[in-house]
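Engineer: Structure below; questions to follow.
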Ligand SMILES: Cc1cc2nc3c(=O)[nH]c(=O)nc-3n(C[C@H](O)[C@H](O)[C@H](O)COP(=O)(O)O)c2cc1C
């Protein structure tokens, strides 16, 4: 594919996946993290699941342009929840132009690290971004891109296992109506 052409705008193939740091971020998230964003899930180019085997939920442009406007492009880790569901899953997110595919618009693509039976287009995704993993890169092959994303997923698992990162799962962004009902049982009339 010709789109694998070299680019000077990103650090290209500088660190092979095997040599990347196994964990990123300080022991607890530091400002500007956590960055909390909710956005509806829109259709991307459909390559994530089919071509890469790594499905991504593309956040609607208003979420990317409003809340994530000042965030540098790159790959991030954190937690994600499909609005209305209790479960909070680890996630890795690519924010940028996907140099390998030479996109013309900046996109925010979240890979929720869980196997879902269905896609969730049109649903709202709540996301807590907690640390930066690496810059976006260009790649010589699709396999190299997939290898790096697989490494991002491992880095996310290890980084999020720390207590201070786990705690963020309890933040208000991820509270559901069920939580309100159960904690409401202590109120007196
Ligand atoms: C964690 C993660 C890291 C990614 N890193 C890169 C990258 O470094 N360079 C790149 O060109 N694309 C990167 N991508 C983006 C993929 O190219 C993208 O998910 C794929 O093109 C699917 O896009 P689509 O849903 O719009 O079809 C990354 C995606 C994820 C989820």
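Residue numbers (the numbering used here): 26 to 214.
Just so you know, even glycine gets a beta-carbon here, dropped at the ideal spot from N, CA and C.
Should residue 51 be counted as a contact of ligand 1 given a C-beta to heavy atom distance under 6 Å?
Structural biologist: The residue given as residue 51 occupies position 26 in the chain shown. False, no ligand heavy atom lies under 6 Å from that Cβ.
Engineer: Would a C-beta distance cut-off of 7 Å place residue 160 and residue 99 closer than the cut-off?
Structural biologist: The residue you call residue 160 lines up with position 135 of the chain shown. The residue you call residue 99 lines up with position 74 of the chain shown. Result yes, Cβ atoms of residue 160 and residue 99 sit closer than 7 Å.
Engineer: Between residue 84 and residue 158, is the Cβ-Cβ spacing less than 7 Å?
Structural biologist: For the purposes of this step, residue 84 is taken as the residue at position 59 of the chain shown. For the purposes of this step, residue 158 is taken as the residue at position 133 of the chain shown. Contact flag unset, no.
Engineer: Who pairs with residue 120 in a beta bridge, going by DSSP?
Structural biologist: Locating residue 120 in the chain shown gives position 95, where the first residue counts as 1. Per DSSP, 99 and 133.
Engineer: Please tell me whether residue 62 and residue 88 are closer than 7 Å, where the distance is taken between their beta carbons.
Structural biologist: Here residue 62 is taken as the residue at index 37 of the chain shown, counted from 1. Here residue 88 is taken as the residue at index 63 of the chain shown, counted from 1. For the 7 Å CB-CB criterion, residue 62 and residue 88 form a contact.
Engineer: Just to check, is the beta-carbon of residue 175 closer than 6 Å to a non-hydrogen atom of ligand 1?
Structural biologist: In the chain shown, the residue the question calls residue 175 occupies position 150. Residue 175 Cβ: outside cutoff for every heavy atom of ligand 1.
Engineer: So who's on the other strand from residue 16, going by DSSP bridges?
Structural biologist: The structure shown has nothing for residue 16, since the chain only spans 26 to 214.
Engineer: Quick one: which unbroken beta strand (DSSP E) runs of 3-plus residues sit fully inside the stretch 165-212? Chain order, please.
Structural biologist: Counting whole runs of 3 or more residues, the stretch 165-212 contains no beta strand (DSSP E) stretch at all.
Engineer: Is it the case that the Cβ atoms of residue 153 and residue 193 are separated by a distance below 7 Å?
Structural biologist: Translated into the one-based positions of the chain shown, residue 153 becomes position 128. Translated into the one-based positions of the chain shown, residue 193 becomes position 168. Contact annotation: residue 153 and residue 193 have beta-carbon atoms nearer than 7 Å.
Engineer: Quick one: Cα of residue 203 to Cα of residue 44, how far?
Structural biologist: Numbered from its first residue, the chain shown carries residue 203 at position 178. Numbered from its first residue, the chain shown carries residue 44 at position 19. So the two alpha carbons sit approximately 44 Å from each other.
Engineer: How far does the alpha helix (DSSP H) with residue 78 in it reach, from first residue to last?
Structural biologist: For the purposes of this step, residue 78 is taken as residue 53 along the chain shown, with counting starting at 1. Residue 78 -> no alpha helix (DSSP H), and no H or E assigned at all.
Engineer: Taking the CB atoms as reference points, tell me whether residue 181 and residue 150 lie closer together than 7 Å.
Structural biologist: Start at 1 with the first residue of the chain shown, and residue 181 comes out as number 156. Start at 1 with the first residue of the chain shown, and residue 150 comes out as number 125. No, they are not a contact pair.
Engineer: Would you decide whether residue 115 is buried or exposed? Buried here means 16 or more other CB atoms lie within 10 Å of its CB.
Structural biologist: By one-based count along the chain shown, residue 115 stands at place 90. Residue 115 should be labelled buried.
Engineer: Comparing the CB of residue 146 with every heavy atom of ligand 1, is any distance shorter than 6 Å?
Structural biologist: For the purposes of this step, residue 146 is taken as the residue at position 121 of the chain shown. No, the beta carbon of residue 146 sits no closer than 6 Å to any heavy atom of ligand 1.
Engineer: Apply the 10 Å Cβ neighbour rule to residue 188 and answer buried if 16 or more other Cβ atoms are within range, or exposed otherwise.
Structural biologist: Position 163 of the chain shown, counting from 1, holds the residue named residue 188. Exposed is the call here.
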